[in-house]
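All letters in the sequence shown, in the order written, are residues 52 to 629 by my numbering.
In what follows, a structure is listed as structure tokens, so that the remarks can point back to it.
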Amino acid sequence: MPLAIELAAARCRSMTAAQIADRLDDRFRLLTRGSRTALPRHQTLRAVVDWSWDLLADAERVMLRRLAVFPGGATLEAAGAVCDPGGTLGDPVDLVAALVDKSLLVEDDGRYRMLETIRAYGLERLDECGETAQLRRRHATWFLALAERLEPTLRTAEQLKALAVLSAEHDNLHGALRRAIADEDADLAVQFVLVLGWYWWMRGHRVEGAGLAVAALALDGPTDPDARAMACGVAAVNGFDGIGETTQVNAWFQEAFRYQGRQPMFRLFKAVSMLFRNGSTDETLEHIGVLTRDPDPWLASLGELLYCHAEMNIGIPYDAAARRFAKSLAGFQEIGERWGMAASMQSLAEVLARRGEFAAAVEHLEESLRLFGELGTAEDRSAAEVRLAQLHELLGHPERAERVLAGARRTALQVGLPEGIAFVDYVYAERALRAGRLDEARRQFNDAAAILAGAHASAQMLAAVQGGLAVVRALEGAPGDGRTMAAVALEHARSAFDGPVAGAVLEDAAEVVLLDGDPALAVTLLTAAEKIRGGPDHTRPHLATLASAASAALTAAERAAAVARGRATTIETAADLL
């Protein structure tokens, strides 16, 4: 490092900092011409590394250049298997130890890494010997086998051990996949997508994984049809969050249905695809119902979770939802699978929150976040943190709520999903709205809308933000505009087949029409919201005041008629009310 600094400093006399930065990738060309009084071996970075190389024994040179094929460092086991599968070089322990002693490798908790300068040099030497293609193939084959061996354990109690290994090898796994994509090796790339899909999902690499899947599955070339079909299935699951582009996700699901093998995970794709594409239809519920009886206990538990979410979209009563989510949780607990436990607890917390059991909901959310933390996933944390902040606010702990919500923003920014960032802005906007800070609310809602406009946003988020803006517009004295905006929000909710979101939008619309002088319609909309959602939402305390004001403006007969009309409303007919 001191030499590199000296050589870079010498360049500062003839190049700007920007010019140096532009050339850093070619460090051997850049870092030359040091002090003219230094020995020749100290005048260039290459000369220094050449000098170190010349001091190595033949077997050490072979091991060093071959280790350069590992972008993420290597364990002793991997080093031996990839660099010297025949054992002709000698004991890998001795060779690696010698390279560590010579400062050409760095030991880090059982892993051995090179500085990038040394690795770049090693890759050049590997290429000179004509070994690059062979070593890359060995490297890819070894890590593909590792991922294949660990993939089934990701859905068991042993998942943390498997995730720890895969995470430690993340750069090697993704490096091999990226190389397969660059080499247009469709078969190898597809196999990597297949074995890494659930790692991406559970570890929270859905954005990166979906992007790699897009590139891998776009390659032409022969592949095993069943492997490609299953790879399309796991790509589609990651694509929900990773790319959010419904056309691509649907296309992947359609290709997944060509699978002809006996892999149990295939049974998940049909149910998830139907829920994603068609919503909670009778046919969808029938397919998910089959999954709840699957002989694979993980799939059966996930089936319970999916089935209850599908039922909540069509207004299942809260008590029934709580029982089914509890059944899903029990199934995952018996297996010891943390992602399923966390997802079930988060879902159960949502039901408890809507019933007004805020303290119990907080307990479930905190345990859910603890489990997500064990898994190391950030992509699932943000929404849970947002809801936790809202519950702390409802429990009368505003400072704690602010702290948790600020953490949710950091999580969302870390993950980088536009929808997650927009969701945090939406919640800040709602807080400002209910506190009467209209300018702030409008700004935050508009910030969320701007983020969503540049992304493949879900209909649910579009509906929520548009509903909030409708209320702001009505409070600013333009209820007619607010009514139009609420109708747009409701159409977004309907297209998402999402009963809870539709319920929230109907409540926003009720606030708008009451400001527009139509208390009867406000009562109808509030009644329809409860019916479509499955019950009242106690996390929105302003609704009690809204309902009282609307009812007080009506006679008993008018109120009864308005309620009857609301009870007859479905998510499909709700837009007709506006």
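Cβ coordinates follow ideal geometry from the N, Cα and C atoms, glycine included.
Quick caveat, the model's predicted, so the values are computed rather than measured.
Pair within 8 Å by beta-carbon distance, residue i and residue j
i: L245; j: M281; result: yes
i: G531; j: A480; result: no
i: P469; j: L503; result: yes
i: E491; j: A499; result: no
i: R162; j: V120; result: no
i: L118; j: A110; result: no
i: V563; j: A601; result: no
i: S395; j: F409; result: no
i: C134; j: M114; result: yes
i: A463; j: S433; result: yes
i: A595; j: L605; result: no
i: D238; j: P273; result: yes
i: V475; j: V437; result: yes
i: N289; j: W252; result: yes
i: L357; j: L342; result: yes
i: D567; j: A540; result: no
i: M392; j: G585; result: no
i: G658; j: A521; result: With the chain represented from 52 up to 629, any question about residue 658 goes unanswered, as that position is not in the structure.
i: A278; j: F304; result: no
i: L442; j: A486; result: no
Buried or exposed (CB count within 10 angstroms, at least 16 for buried), residue i
i: Q397; result: buried
i: W249; result: buried
i: Q242; result: buried
i: F308; result: exposed
i: R406; result: buried
i: A679; result: The requested residue 679 is not part of the displayed model; the chain covers only 52 to 629.
i: G260; result: buried
i: Q299; result: buried
i: A514; result: buried
i: E179; result: exposed
i: S599; result: exposed
i: L106; result: exposed
i: S419; result: buried
i: P587; result: buried
i: V100; result: buried
i: H402; result: Correcting the residue identity first, residue 402 is Val in this sequence and not His. With 16 or more other Cβ atoms within 10 Å, it is buried.
i: T88; result: Because T88 carries a pLDDT of 44, less than 50, the predicted location of this residue cannot be relied on, and no value is offered for it.
i: L58; result: Its pLDDT being 37, under 50, L58 is placed unreliably in this model, and the value from its coordinates should be taken loosely. Classification for L58: buried.
i: Q311; result: exposed
i: S379; result: buried
i: H256; result: buried
i: T335; result: buried
i: T624; result: exposed
i: H338; result: buried
i: A72; result: Annotation note: pLDDT 49 at A72 (below 50); position unreliable, coordinate value reported separately. By the neighbour-count rule (16 or more Cβ atoms within 10 Å), A72 is not buried but exposed.
i: R545; result: buried
Residue i - DSSP class collapsed to helix/strand/coil
i: R328; result: helix
i: E408; result: coil
i: D238; result: helix
i: V437; result: helix
i: D159; result: strand
i: A534; result: The residue asked about is misnamed: residue 534 is Arg in this sequence, not Ala. Three-state result, R534: helix.
i: A547; result: coil
i: R112; result: helix
i: A492; result: helix
i: A619; result: coil
i: R309; result: coil
i: A529; result: coil
i: R591; result: coil
i: V394; result: The displayed chain sequence assigns Ala, not Val, to residue 394. A394: helix per DSSP, three-state reduction.
i: R164; result: strand
i: A184; result: helix
i: A508; result: coil
i: A266; result: helix
i: A125; result: strand
i: N364; result: coil
i: L214; result: helix
i: D101; result: helix
i: D498; result: helix
Closer than 8 Å to chain D by CB, residue i
i: V556; result: Checking the listed chains, one finds no chain D in this structure; it contains a single protein chain.
Supposed contact pair residue j and residue i - C-beta distance, whole angstroms, cut 8 Å
i: T139; j: I386; result: Not really, about 45 Å apart at Cβ, beyond 8 Å.
i: W349; j: E306; result: 24 Å between Cβ atoms; not a contact.
i: A456; j: A440; result: The sequence given here places Leu at residue 456; Ala does not occur at that position. Rounded, the Cβ-Cβ distance is 4 Å, consistent with contact.
i: V144; j: L156; result: Wrong, their Cβ atoms sit about 12 Å apart, outside the cutoff.
At least three beta-carbon pairs within less than 8 Å, the region 206-224 to the region 415-428: Touching, per the Cβ criterion.
- prompt: Would the region 348-365 and the region 304-324 be scored as touching if the rule is three or more Cβ pairs under 8 Å?
  reply: With the cut-off at 8 Å, the region 348-365 and the region 304-324 touch.
- prompt: Per the contact definition of three or more C-beta pairs closer than 8 Å, is the region 572-583 in contact with the region 607-617?
  reply: Contact holds: three or more Cβ-Cβ distances are below 8 Å.
query: Does the region 191-200 touch the region 215-228, meaning 3 or more C-beta pairs lie closer than 8 Å?
result: Yes, they touch.
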